[in-house]
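Single-structure report; data block below.
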Amino acid sequence: MESPIHFYTAAAPDSQLHAFARETSARLHRPVLVHPYAELPAPDLQRPTRQQLRAERAALQPMLTSLNENIRLVEDAPHLPHDYLQDLATLHHMRERYEQRLACIEHLLTAPAGPAPSSPPTR
202 MESPIHFYTA
212 AAPDSQLHAF
222 ARETSARLHR
232 PVLVHPYAEL
242 PAPDLQRPTR
252 QQLRAERAAL
262 QPMLTSLNEN
272 IRLVEDAPHL
282 PHDYLQDLAT
292 LHHMRERYEQ
302 RLACIEHLLT
312 APAGPAPSSP
322 PTR
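Heads up, the sequence shown is in my numbering, so the first residue is 202 and it goes up one at a time.
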């Protein structure tokens with residue numbers, strides 16, 4: 202069974218709202234539940250918003266580009282001293298971390314919007 206659609210209302214539920222909920226349920230083939238506004242779950246303040254994720258992605262992408270350029274410069278330099286090889290390993294590690302974080306952000310941004318899984322609506 203698909204997850205229900207939750208309607209929250211500040212007004213007392215009336216016959217029109219219930220008719221709208223039934224019609225929506227019939228058209229979408231999903232259950233629709235009507236709740237008073239007081240039952241609206243509190244936002245999960247630990248979960249970043251999509252806007253925050255987009256801002257983080259926008260900040261990380263140029264950093265990754267710069268990091269890739271630095272890696273290319275170090276790899277193309279002839280006769281690197283010993284300490285540059287350690288620096289190169291550090292740069293590769295940083296690139297891996299940036300790429301992992303960007304992949305995580307992309308995954309979160311492509312996930313369906315909605316309430317946090319840890320805070321389901323109450324009945």
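The C-beta atom is built at its ideal place from N, Cα and C for all residues, glycine as well.
The model shown is predicted, which means the values in this text are computed figures rather than measured ones.
Inset, instruction - Alpha carbon to alpha carbon, how far is D277 from Y285? Give it in angstroms, no decimals. - result: 12 Å
Inset, instruction - Can you give me the Cβ contacts of A243 inside the same chain, cut-off strictly under 6 Å, excluding the 5 residues immediately before and after it? - result: none
Inset, instruction - Pick helix, strand or coil for P249, following the three-state DSSP scheme. - result: coil
Inset, instruction - From the DSSP output, in three-state form, read off P263 for me. - result: helix
Inset, instruction - Could you tell me if L274 is buried or exposed, where buried requires 16 or more neighbouring beta carbons within 10 angstroms of its beta carbon? - result: exposed
Legend entry - Which listed residue (A312, C305, H207, P205) has its alpha carbon closest to that of P257: One point to set straight first is that residue 257 is Glu, not Pro, in the sequence displayed. Residue C305 is the option with its Cα nearest to E257.
Inset, instruction - Work out the CA separation of Q262 and T291 for me, nearest whole Å. - result: 18 Å
Legend entry - Proximity of R265 and Y299 at Cβ, strictly below 7 Å: Rather than Arg, the amino acid found at residue 265 in this sequence is Leu. Contact flag set, yes.
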